[in-house]
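To start, the structure itself, in structure tokens.
In mature numbering (1 follows the signal peptide of the UniProt record, and there is no 0), the protein residues as written are -31 to -1, 1 to 900.
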């Protein structure tokens, strides 16, 4: 009996024959790769596809590759019914004849660099097109709109609206990437580079259920008319650049269960009409610029499970109506401007898993009703102004993985149970007082905590060494407390350790071995007995021990060869002159730096909560950010994670004005949503807080101009300490996550000292004496007074008078002593003792002034003697005083006799003739002398 055909020999024989058939007759075998064009020729020969689809395949093959690219090869055959092949077909029988049609084209990652030919629309039964991860260019042809059976589409380019004629498509994806092709999925058109605005025609797809346009570059507003999207269930427009308000017509999307508009530039309020979308499960509006209050009607969305409003500009209080959302499991209100007390009604949200309320302005205590939130996994209220005791019920939230209380005004202690929570991974607390936090007497074994911050919590005593045995602990910050004793050896296994600003005195052994594995640590400002001159101490590259408290005390108390009245520091910038003030260079990147002149120093401490930075991040120069007159210093800044301290050294004793310059250059850009960020820190001078909760944006000043604060301080010992401290308030996570103090420049100038009464009197007496001596000297030198007049002698006959006596004799040229007037001046009578003379005071503008000023004129005038001429006794011409002194005529002048109205002398014409004759004789004598 022969072996059945299914035997091994039969199978082997058939396989050999099949292989020979492939080789000898050049027939393609399934799974082999052949050129696309050749396979199309075979399909045309055997008639397995209609002619119009064959033509479409030829055009598609021709255009998918550029002329410079090698031939596209595909797996044989190109029209297979198996779904794993690049091109699959479906076949059915019509009148005993098999009719096939292309149903799927899958050509992902084929290095296609051509375009899609419009003939793609001829594949009437095409259900899927996948051209993902290629370099296609051009537009997606509008003929895709004819493909009524298309259920998925993977391509990246501009999709014309005609593609969406088919309202039966349940998933829509629209993808634009500047004409470049890649993936577009009808079910998910997200994560591409779409540009332009959202076409309003999309809103007319009445059967559309899912609209995914996320992770693109879409801009412009959301279409205002959404009335046609009654079937829409999921709307995802996140991670674009959309602007404007959320349309009020969202009310018509009553089947909507998820709305994600996060990471856009949306403005305006949350529309009240959203209350009509009663099926909503998730609302995601994070990272926008929405304003107004949180609409209380959100409390009517009874199915809501997720509400994310992180980083907007929302104000007002949290509406108590949110307490009615019994299914709510996620609520994020971080980084807004909300205020008021936390509503006790939120305690009813027993399904809540995550509650984020950080970086707002909440006040009051955490309500006792929150004890019922036993399902909470993450609870974050940091960066607010909450007060009162830390609730003990935190220790009963056994599912808690994250507890953020950092930066409030809490009092009391953490319950011991909190340290024992089985799932707790992050415990962040800071700035607790009265009495502060203490470790449990018996530190529990912890297997989940990996990040612990207990900063500025007034923790006293030594550090329990068992903390270092917590198996998952990698990050520990116990800085700014009152810890004493030694650093536990068990801390060597940590990744980061911060113990700065305590009173620790003992270093662990691993600091003595620079080759051992040790954490990045800040141990500065403690009482370690080590000598360090720079940041690298004991050869440890990533451990900061310097400066110690001893070093700071020595630095501030050192003897100065020269003391100063001022100090100017250009924080984060190079040395620069601003007017007469020279601002020192402050560009060092180390944690501590003493200036080369040793007249100032700085130090910083701390670490960022989540931003990964290097030292260069802390010193910046942002050109053209600030346009003020002091832009040369305000465009620089120094940043610190927690604490930044400046020390002014070698200053004179007295009162000073400290001017601090600020410019918020990081939380200032809408592109990264940082404008919603709040930088809040405290300012201490000489160890005393002078300004609490400083927000740079709230310091008076104009936009893009520097803000400044001024303080008066008294210096007694020659040193000044200015400290900026971040107490955890304000933004914790807001991009770029660089919270902490920021300063652009420091100016320290001495105030002129006020004088005591006796000092003022002494100075006044001294000034008066000096003035008297000065006047006496000037009088002696003849610069003031009448010394010259007193010393000028005038000899009249045998008698001598001073010029001052003669002027006084005219009663200082009194009108009562006037004898007559002429063009050149006025004649006065000078009544001297037993003698009277005539004094003519010349007008300064008279021509006679220039004549009498010469010595020649004076000599000739004195030589002139005639019976008919009045004798000139003296001439004086200096300092705007010009005098001619004559003999006095008792009976008056000839002019008074001839022309005077009251003259008693009567002269007839014969006498007048004689007078004229003698007058001419006198004039002739005068002419002779003058010539």
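Don't be surprised by glycine CBs; every beta carbon is placed ideally from N, CA and C.
Of all alpha-carbon atoms in 480, 254, 558, the one lying nearest the alpha-carbon of residue 514 is that of 480. The beta-carbon distance between residue 708 and residue 699, rounded to whole angstroms, is 6 angstroms. This is short enough to meet the 8 angstroms contact definition. Collapsing the DSSP output to three states places residue 609 in coil.
A residue is called buried once 16 or more other Cβ atoms fall within 10 Å of its Cβ, and residue 727, having fewer, is exposed. Sequence-distant Cβ neighbours of residue 543 in its own chain, meaning closer than 6 angstroms and more than five residues away, are 554.
Secondary structure at residue 178: coil, using DSSP grouped into helix, strand and coil. Close CB contacts of residue 332 within its chain, under the 8 angstroms cut and outside five residues either way in sequence, are with 308, 309, 310, 353, 354, 355, 356 (chain order). Nearest to residue 782 by alpha-carbon distance, out of 791, 416, 795, 525, is 795. Residue pairing for residue 212: DSSP places it in a beta bridge opposite 190, 234.
Taken atom to atom, the span from the alpha-carbon of residue 65 to that of residue 84 is near 38 angstroms. The DSSP-derived three-state label of residue 885 is helix. A contact is defined here as three or more CB-CB pairs under 8 angstroms, and the region 729 to 746 fails this definition with respect to the region 765 to 776.
Within the same chain, Cβ atoms closer than 6 angstroms to the Cβ of residue 300 are found at 276, 324, the five residues on either side in sequence being excluded. Secondary structure at residue 351: coil, using DSSP grouped into helix, strand and coil. No Cβ-Cβ contact shorter than 7 angstroms links residue 459 with residue 496. For residue 329 and residue 501, the gap between their C-alpha atoms comes out near 42 angstroms.
Rounded to whole angstroms, the Cβ separation of residue 584 and residue 558 is 4 angstroms, and the two are in contact under 8 angstroms. The way I'd put it, the region 663 to 670 doesn't touch the region 361 to 374; fewer than three beta-carbon pairs between them come closer than 8 angstroms.
Per DSSP, reduced to three states, the secondary structure at residue 647 is coil, with no helix or strand assignment. As the crow flies, the alpha-carbon of residue 638 is around 15 angstroms from that of residue 702. In the structure shown, residue 414 adopts coil according to DSSP, grouped into three states.
If you draw a straight line from the Cα of residue 414 to the Cα of residue 438, it is about 8 angstroms long. Ranked by Cα distance from residue 682, the options 181, 675, 690 are led by 690. Residue pairing by DSSP places residue 444 opposite 420, 465 in a beta bridge. Per DSSP, the continuous alpha helix (DSSP H) segment holding residue 524 begins and ends at 518 to 526.
Around residue 529, the same chain offers 619 as residues with beta carbons nearer than 6 angstroms, after the five sequence neighbours per side are excluded.
Membership of residue 775 in the alpha helix (DSSP H) is indicated by the continuous run 772 to 778. For residue 8, the enclosing alpha helix (DSSP H) stretches over residues 5 to 15. Contact between residue 809 and residue 850 does not hold, since their C-beta atoms are separated by about 12 angstroms, which reaches or exceeds 8 angstroms. In this structure the region 710 to 722 does not lie against the region 290 to 297, because fewer than three pairs of beta carbons, one per stretch, are closer than 8 angstroms. Under the 10 Å beta carbon count, residue 534 is surrounded by fewer than 16 other beta carbons and is classified as exposed. Counting of Cβ neighbours within 10 angstroms places residue 89 among the buried residues, the total reaching 16 or more. Rounded to the nearest whole angstrom, the CA to CA distance from residue 579 to residue 454 is 30 angstroms. Around the CB of residue 574, 16 or more other CB atoms lie within 10 Å, so the residue is classed as buried. In the structure shown, residue 679 falls within a strand segment according to DSSP collapsed to helix, strand and coil. Following the DSSP letters along the chain, one finds residue 30 in no beta strand (DSSP E) but inside the alpha helix (DSSP H) bounded by residues 20 to 33.
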